[in-house]
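With this note's numbering as the guide, the letters of the sequence shown map in order to residues 79 to 223.
Quick reminder that beta carbons are idealized off the backbone N, C-alpha and C, glycines included.
Given the structure is predicted, the values throughout are model-derived calculations rather than measurements.
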Amino acid sequence: MRVMIDSNTFLSGIVFDGMERLLLRTLIHSDHVLLLAKFSVSEVERVLRRKFPSMIQDYENVLQSLDAEILPLPDKSEVERCIEIIRDDHDAPILASAIKARPDVFVTGDKDFFEERVRVLIRVATTRETLELILNFDSNESENS
Numbered sequence: 079m080r081v082m083i084d085s086n087t088f089l090s091g092i093v094f095d096g097m098e099r100l101l102l103r104t105l106i107h108s109d110h111v112l113l114l115a116k117f118s119v120s121e122v123e124r125v126l127r128r129k130f131p132s133m134i135q136d137y138e139n140v141l142q143s144l145d146a147e148i149l150p151l152p153d154k155s156e157v158e159r160c161i162e163i164i165r166d167d168h169d170a171p172i173l174a175s176a177i178k179a180r181p182d183v184f185v186t187g188d189k190d191f192f193e194e195r196v197r198v199l200i201r202v203a204t205t206r207e208t209l210e211l212i213l214n215f216d217s218n219e220s221e222n223s
């Protein structure tokens, strides 16, 4: 599966012990592909340096272990189209990257992404839902092997 996570999910997985960290660990130890928008990577780095500077090394280790595919910044025209779709303009570059990358699932806790006008474009799920998807996917794969 190709799994794209948003900035807050990624940041939470690095800084806090919880479902998001479990998701990152699951992705590290699997054949699933993690997609990260360049915009998200920059945002997470900025927040870590400002609020959690002691976590920078952990972040770099996680990023290296994940071997994530970093999605390029979307074109201005793609972002402008997404501004018309999502309530928060700040989320438009992430949505544009997700639409272009077409992940199997986009993981977020941001309620704006769960609006119908977004969900018709990409599959959106919470961290818990994604962990269940991965477990079901992996068990189906092992049954078919």
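Burial state of residue i, where buried means 16 or more other Cβ atoms lie within 10 Å
i, result
"L113", "buried"
"V93", "buried"
"V140", "buried"
"I134", "exposed"
"L213", "exposed"
8 Å contact criterion, which residue i and residue j should meet: CB distance rounded
i, j, result
"S67", "D84", "There is no way to answer for residue 67, as the model of the chain reaches only from 79 to 223."
"K116", "L149", "6 Å"
"T87", "G187", "6 Å"
Test item: CB-CB of residue i and residue j under 7 Å
i, j, result
"A176", "I161", "no"
"S132", "I106", "no"
"P152", "M82", "no"
"R159", "V111", "no"
"F192", "V183", "no"
"A170", "V185", "no"
"T208", "M97", "no"
"I163", "R195", "yes"
"V122", "L89", "yes"
Opening and closing residue of the beta strand (DSSP E) in which residue i lies
i, result
"E147", "E147 to L149"
"F184", "V183 to V185"
"V111", "V111 to A115"
Extent of the continuous alpha helix (DSSP H) to which residue i belongs
i, result
"F88", "S85 to V93"
"L173", "A170 to A179"
"L141", "I134 to L144"
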